[in-house]
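> Following my numbering, the numbering of the sequence shown begins with 1 at its first residue and continues without gaps. First, the structure itself, so that you have it in front of you.
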Amino acid sequence: WQLNGFPNSEQGILLGLVIGYSIIIGIFWRWQFLKPFKLITVFLHEFGHASAALCTGGRVLGMEVNTDEGGVTKTQGGQMCCILPAGYLGSSFFGMF
């Protein structure tokens, strides 16, 4: 098993961008100007749980987004196998737009 020709020019550019963005995010992660964006991400995560609960026949009892960048969605009924991963899928889905 060998990595002949890795990375090619396109892969090298992508790898450089990923490393560059990771360094920039690491530097600025605790800065306050990112706080609203992180809270929006938490909201979209919780919204994903709520949407999955509603789509699988459950009810949403409440949603909380805390200032410490945490959150909780309280549901009743629905399919837990769909509701649990929907937070990550929901925030990733909305992140495309």
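Glycine residues also receive a C-beta, built at the ideal position from the N, C-alpha and C atoms. Bear in mind the structure is a predicted one, so any value in this text is a computation, not a measurement.
Where do the ends of the alpha helix (DSSP H) carrying Q32 lie?
No alpha helix (DSSP H) holds Q32; DSSP gives it neither H nor E.
> Exposed or buried, V72, counting other C-beta atoms within 10 Å across all chains shown (16 or more means buried)?
Exposed.
> Please report the distance separating the alpha-carbon of L54 from that of G70.
Taking the straight line from one Cα to the other gives about 22 Å.
> Considering Cα atoms alone, identify which of W31, G26, G48 and T75 is closest to G62.
Among W31, G26, G48 and T75, the Cα nearest to that of G62 belongs to T75.
> For a test of the three-state rule: what should DSSP assign to Q79, helix, strand or coil?
Reduced to three states, the DSSP call for Q79 is coil.
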